[in-house]
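Protein chains in written order, with our numbering: chain A, 1 to 471; chain B, 1001 to 1179.
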């Protein structure tokens, strides 16, 4: 055997011990080092973890699972926010790589909510925003995901407004949505409407809210807002031919970011997403302006852009072979890659792309994206894929009766099916469409599983929440 | 924009910089540690303990360019300490099949022989071999990582290759003797 072959065989022999990628448990444990007041070696933690496991088994025998959840949530800071560095504080047992079964708790009333639009983890609690049964923008908080308390806010701040998204920042919460001002005005108000009037609110404590100065958004159509490494970024346009990006460090003050013609010729921004590598943005280029009646014209081509800092943007390389009239409408971040989902104008066929870094996007096999988007093309597609910056989860109806099925993925390319177990007293939600049953709304990924929101039938419908523990 | 220790002035910046640094290197260091230690679970412990060391010394690290080498050395020391605490078992060779082996089977057997022979190397030699043939580091880079002289690294690699070849020759003789 010559030296070259010996070295090749040697490498092959060494790689027999290659374990592949690092497991989530270690990733979280390392991230937790800076959070712990006194860091202990992993070997020592493993021993104490064994003792703790014995204790937990004894405790679980006599204490209900809901009480255990309370203990868990109060003990850790938790994090459901995308790419949150505070994910480090999560218990390592919750960071296991494989989810195979989802254990659904009994659904609980979501306070006085009728719709829950968003849930984030902040300062050891879950915070939610949505619409109360009285039709007002409202916030709720929960220590365990099972009991939800309405947060008292100054009604004048949100009078007539819709707050639909929450972002958890170290300095406080940021909410955004639209003001009460009608987007339909002028002599053609019955048929011609402009965009909703965008609004942002900030709060240091979740209770005291202040509406931000958003004059830079006047007359703008803001389609997406995200938090990333250098702050908040919003995207949209001032008109069909004027794409626009806005930036803010704190959500309180906003400024327009210069949009260079070269990178954004005929661009239309639909979605932006922050992740550990910076920001990615999706949309389309070309096409003709859709009419306000909703009749959508043949669009241009899917397009994406990337930025390290939210200020300087570059066009990404998007594979568009065989695709026309498709725009990227949702972006998801997993541990092992980014997933973009687009659909034709009119939403008859979904297309998916995968990227390692947001700079080059490869189309996914149709079978992959059919799973990721649940086999149907909702509007928008993001309604079926949820992520926390590490894991992606997708839900969809399994057949015409609307029973749910679900999948999970770390990269958006490879999805594995999830089986469901209904715990005592639980009844699973159905896919929206049947007004007489409790229905699925959204899923929010937690360290040990999910918080699933939905609605119970009624007039108005009542908000529901399921705690779902993964194993 | 990545935060470097040099510009990290606040506690939050320091945490973010540490997080960015360690998370971007976890996969590589974990895989190398697992191959060196031949134990994925122990490799996780080694990486975690090395990261703790890095965090404890983070305030002292001012030179961004040397961070990689420094962390690599911490990792190498962790692995070396763990290997030295272990009792290294004797070299073992799997029995060749009781029939004439086709080429593919022969190649597989060779790899198994090398795999077993590698387990018999002492800590410093095994680390040098893994860094050279898995991480593709040069002897100079390995020297920086292990705190050794470049000549020492070259000597370790030479010795290790000689051992591997000897192991294969012994296995070949065993194959030939079966006929």
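Glycine included, C-beta positions come from ideal geometry on N, C-alpha and C.
To the nearest angstrom, how far is the alpha carbon of residue 122 of chain A from that of residue 174 of chain A? Taking the first chain and counting its residues from 1, the one referred to as residue 122 of chain A is at position 122. Taking the first chain and counting its residues from 1, the one referred to as residue 174 of chain A is at position 174. Spanning the two alpha carbons is a distance of roughly 11 Å.
Taking Cβ-Cβ distances below 8 Å as the criterion, which residues of the segment 1041-1061 of chain B are in contact with chain A? Contact annotation: in the segment 1041-1061 of chain B, residues whose CB is within less than 8 Å of a CB in chain A are 1043, 1044, 1045, 1047, 1048, 1049, 1051, 1052, 1055 and 1056.
Going by Cα to Cα distance, which pick from B:1033, B:1074 and B:1024 is closest to residue 1056 of chain B? Position 56 of the second chain, counted from the start, is the residue given in the question as residue 1056 of chain B. Among B:1033, B:1074 and B:1024, the Cα nearest to that of residue 1056 of chain B is on B:1074.
Distance, Cα to Cα, residue 14 of chain A vs residue 1043 of chain B? Counting from 1 along the first chain, the entry for residue 14 of chain A is found at position 14. Counting from 1 along the second chain, the entry for residue 1043 of chain B is found at position 43. Spanning the two alpha carbons is a distance of roughly 15 Å.
Do three or more CB pairs link the segment 200-212 of chain A to the segment 277-291 of chain A at distances below 8 Å? They do not touch, by the three-pair rule.
Cutting at 7 Å between CB atoms, please list the residues of its own chain near residue 1079 of chain B, excluding the five before and the five after it. Here residue 1079 of chain B refers to the residue found at position 79 of the second chain. So the list reads 1033, 1036, 1037, 1046 and 1127, once near-sequence residues are dropped.
Does the beta carbon of residue 31 of chain A come closer than 8 Å to any beta carbon on chain B? Taking the first chain and counting its residues from 1, one reaches residue 31 of chain A at position 31. Answer yes: the Cβ-Cβ gap between residue 31 of chain A and chain B drops below 8 Å somewhere.
Closer than 9 Å by beta-carbon distance: list the chain A residues that pair up with residue 1131 of chain B, in chain order. For the purposes of this step, residue 1131 of chain B is taken as residue 131 along the second chain, with counting starting at 1. Chain A residues near residue 1131 of chain B: none, gap ~10 Å exceeds 9 Å.
Counting only beta-carbon atoms, is residue 331 of chain A nearer than 8 Å to chain B? Here residue 331 of chain A refers to the residue found at position 331 when the first chain is read from its first residue. Not an interface residue.
On the DSSP bridge assignment, give the partners of residue 198 of chain A in chain order. Here the question's residue 198 of chain A lines up with position 198 in the first chain. Per DSSP, A:178.
Threshold first: 4 residues or longer. Then list the alpha helix (DSSP H) segments lying entirely within the segment 1018-1075 of chain B, N to C. 1040-1057
Of all the residues that make up the segment 9-34 of chain A, which are near chain B by a beta-carbon distance shorter than 8 Å? 9, 10, 11, 12, 13, 14, 15, 16, 17, 18, 19, 20, 21, 22, 23, 25, 26, 27, 29, 30, 31, 33 and 34
Buried or exposed: residue 330 of chain A, going by 16 or more other Cβ atoms within 10 Å of its Cβ? Reading the first chain from its first residue, position 330 is the one you call residue 330 of chain A. With 16 or more other Cβ atoms within 10 Å, it is buried.
Suppose the cutoff is 6 Å on Cβ atoms and the five residues either side in sequence are ignored; what does the same chain contact list for residue 1058 of chain B look like? Stepping through the second chain from its first residue, residue 1058 of chain B is reached at position 58. The residues are 1018.
Alpha carbon of residue 421 of chain A to alpha carbon of residue 462 of chain A, nearest angstrom: Residue numbering aside, residue 421 of chain A sits at position 421 when the first chain is read from its first letter. Residue numbering aside, residue 462 of chain A sits at position 462 when the first chain is read from its first letter. Those two C-alpha atoms are separated by around 24 Å.
Which stretch, first to last residue, makes up the alpha helix (DSSP H) that contains residue 204 of chain A? Residue mapping note: residue 204 of chain A aligns to position 204 of the first chain, counting from 1. Premise fails: residue 204 of chain A is in no alpha helix (DSSP H) and is neither H nor E.
Spatially closest choice to residue 263 of chain A from A:147, A:242 and A:238, by CA coordinates: Within the first chain, numbered from 1, the residue matching residue 263 of chain A stands at position 263. Minimum Cα distance to residue 263 of chain A is reached at A:242.
State buried or exposed for residue 1140 of chain B, treating a residue as buried only when at least 16 other CB atoms are found within 10 Å of its CB. By 1-based counting over the second chain, the position of residue 1140 of chain B is 140. Residue 1140 of chain B should be labelled exposed.
Could you round the C-beta distance between residue 411 of chain A and residue 337 of chain A to whole angstroms and report it? I think they count as a contact, below 8 Å. Within the first chain, residue 411 of chain A is the residue found at index 411, counting from 1. Within the first chain, residue 337 of chain A is the residue found at index 337, counting from 1. Indeed, because the Cβ distance is near 4 Å, the residues count as touching under 8 Å.
Please report how far the alpha carbon of residue 75 of chain A lies from the alpha carbon of residue 364 of chain A, in whole angstroms. Position 75 of the first chain, counted from the start, is the residue given in the question as residue 75 of chain A. Position 364 of the first chain, counted from the start, is the residue given in the question as residue 364 of chain A. Any reading at residue 75 of chain A needs caution, since the residue's pLDDT is 28, under 50, leaving its predicted position unreliable; the model's value is listed next. Straight-line Cα distance between these residues: approximately 41 Å.
Close beta carbons around residue 1134 of chain B, own chain, < 7 Å, minus the five adjacent residues each side: One-based indexing of the second chain puts residue 1134 of chain B at position 134. 1032 and 1035.
Three-way DSSP call (helix, strand, coil) for residue 330 of chain A in this model: Taking the first chain and counting its residues from 1, the one referred to as residue 330 of chain A is at position 330. Here residue 330 of chain A sits in strand by DSSP.
Candidates B:1076, B:1071 and B:1113, of which the one nearest residue 1148 of chain B by Cα: Within the second chain, residue 1148 of chain B is the residue found at index 148, counting from 1. The residue with the shortest Cα to Cα distance from residue 1148 of chain B is B:1076.
Report the neighbours of residue 1034 of chain B on chain A: residues whose CB is nearer than 8 Å to its CB, in chain order. Mapped onto the second chain, residue 1034 of chain B falls at position 34. Within chain A, the residues near residue 1034 of chain B are 17, 18 and 19.
Could you tell me which residues DSSP pairs with residue 425 of chain A in its beta bridges? Position 425 of the first chain, counting from 1, holds the residue named residue 425 of chain A. Beta-bridge pairing links residue 425 of chain A to no other residue.
Out of A:468, A:340 and A:471, point me to the one whose CA is closest to residue 284 of chain A's CA. Locating residue 284 of chain A in the first chain gives position 284, counting from the first residue. The shortest Cα separation from residue 284 of chain A among A:468, A:340 and A:471 belongs to A:340.
Restricting to Cα atoms, I'd like to know which of A:443, A:434 and A:233 is closest to residue 457 of chain A. Taking the first chain and counting its residues from 1, one reaches residue 457 of chain A at position 457. For the residues A:443, A:434 and A:233, the minimum Cα distance to residue 457 of chain A belongs to A:434.
For residue 503 of chain A, count neighbouring C-beta atoms within 10 Å of its own C-beta (all shown protein chains included) and say buried if the count is 16 or more, exposed if not. Lying outside 1 to 471, the shown extent of chain A, residue 503 of chain A is not represented and no answer is given.
Can you find the residues in the same chain that come closer than 7 Å, C-beta to C-beta, to residue 334 of chain A, ignoring five residues on each side of it along the sequence? Here residue 334 of chain A refers to the residue found at position 334 when the first chain is read from its first residue. The answer, listed in chain order, is 387, 390, 391, 392, 409, 410, 411 and 412.
May I ask which residues mark the beginning and end of the alpha helix (DSSP H) holding residue 26 of chain A? Counting from one through the first chain, the residue named residue 26 of chain A turns up at place 26. It spans 24-31 - the alpha helix (DSSP H) in which residue 26 of chain A sits, taken as one unbroken run.
Quick check on residue 1150 of chain B - is its C-beta less than 8 Å from some C-beta in chain A? Locating residue 1150 of chain B in the second chain gives position 150, counting from the first residue. Chain A contact via Cβ: absent.
According to DSSP, is residue 210 of chain A helix, strand or coil? Position 210 of the first chain, counting from 1, holds the residue named residue 210 of chain A. In the structure shown, residue 210 of chain A sits in a strand (DSSP, three-state: E or B).
I believe residue 1163 of chain B touches residue 1121 of chain B by the beta-carbon criterion, under 8 Å. Please report the beta-carbon distance rounded to the nearest angstrom. Taking the first residue of the second chain as position 1, residue 1163 of chain B is located at position 163. Taking the first residue of the second chain as position 1, residue 1121 of chain B is located at position 121. Indeed they touch by this definition, with Cβ atoms about 7 Å apart.
On the three-state DSSP scale, how would you describe residue 320 of chain A? Sequence index remark: in the first chain, residue 320 of chain A carries index 320 (1-based). Residue 320 of chain A: coil per DSSP, three-state reduction.
By the three-class DSSP mapping on this structure, what secondary structure does residue 11 of chain A have? Counting from one through the first chain, the residue named residue 11 of chain A turns up at place 11. Here residue 11 of chain A sits in helix by DSSP.
From the beta carbon of residue 1071 of chain B, is the nearest beta carbon of chain A less than 8 Å away? As a first step, residue 1071 of chain B must be located in the second chain, where it is residue number 71. No, residue 1071 of chain B lies away from the interface with chain A (no Cβ there is under 8 Å from its Cβ).
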